[in-house]
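Residue numbers (the working numbering): 4 to 218.
Quick reminder that beta carbons are idealized off the backbone N, C-alpha and C, glycines included.
Taking it in order: structure first as structure tokens, then the write-up.
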């Protein structure tokens, strides 16, 4: 899975919705304030003012710590900024409330994979996500990346194969598979995947370099 605004591993899913529950007058006012701050954060993020967006989201969650769309977006921004530990903490809260959301489990898998930490837990997160949403290309890509981190090259190639079967133009999956194949010693096949990935997304190599992954 690649990092994109509002798509943290997101398994092709939207941000979680706040839980429907009766609110007191004070809670309703806090929710409305949180919603306004969340809308502001989305505008700021789209304008690439990410520091301001994070501040707005922090303020939104101070108003209403149960407003999950704000926490989900903040997790995404933490990922984009390389604050993977903070992203994991936000996903921990979200998953505690909604354990059966594939996007949330995938998001935590991806955060751990990007940070190159707790890779066994990352793999477990991806396994959970795939049980909830079998065959999802984004989740398969995340699991392939984690296996690449762990040095399970055959497993990484298999996951990337499956991801590309479901979504043939995923540059990240092509690039990751190319790296894995080269590390297996299949240089020509790996180079073909890398070339294909660069054609789809010229920035994919720089993106992977930012993760510390090079061919």
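Neighbourhood of residue i by C-beta, 6 Å cutoff - its chain only, sequence neighbours within 5 removed
i	result
residue 10	Confidence is the limiting factor: at residue 10 the pLDDT is only 38, short of 50, which leaves the residue's position unreliable, though a coordinate-based value still follows. No residues qualify anywhere along the chain.
residue 177	196, 199 and 200
residue 174	200, 203, 204 and 207
residue 55	47
residue 185	193 and 218
Pairwise C-alpha distance: residue j and residue i
i	j	result
residue 44	residue 65	14 Å
residue 78	residue 108	12 Å
residue 209	residue 93	27 Å
residue 160	residue 136	20 Å
residue 141	residue 117	14 Å
residue 6	residue 192	With a pLDDT of 39 at residue 6, under the threshold of 50, the modelled position of that residue is not reliable, and no figure is offered here.
Simplified DSSP assignment, three categories, for residue i
i	result
residue 109	helix
residue 131	helix
residue 217	coil
residue 198	helix
residue 120	coil
residue 189	coil
residue 183	helix
residue 7	Residue placement at residue 7 cannot be trusted, given a pLDDT of 40 that sits under 50; what the coordinates show is reported in the next sentence. Reduced to three states, the DSSP call for residue 7 is coil.
residue 145	helix
Extent of the continuous alpha helix (DSSP H) to which residue i belongs
i	result
residue 83	71-83
residue 213	207-213
residue 86	From DSSP, residue 86 is part of no alpha helix (DSSP H); its letter is neither H nor E.
residue 155	Where residue 155 is concerned, there is no enclosing alpha helix (DSSP H), given that its DSSP letter is neither H nor E.
residue 59	53-66
Proximal residues to residue i (C-beta, below 7 Å), its chain only, five neighbours per side dropped
i	result
residue 59	40, 43, 44 and 47
residue 14	Any reading at residue 14 needs caution, since the residue's pLDDT is 36, under 50, leaving its predicted position unreliable; the model's value is listed next. Contacts found: 105, 106, 109, 132, 136, 139, 141 and 142.
Same chain, Cβ closer than 8 Å to residue i, neighbours up to 5 away in sequence not counted
i	result
residue 61	77
residue 70	21, 34, 37, 38, 41, 63 and 64
residue 115	87, 91, 121, 122, 124, 125, 128 and 149
Integer-rounded CB distance, given that residue j should sit under 8 Å from residue i
i	j	result
residue 119	residue 152	6 Å
residue 179	residue 147	6 Å
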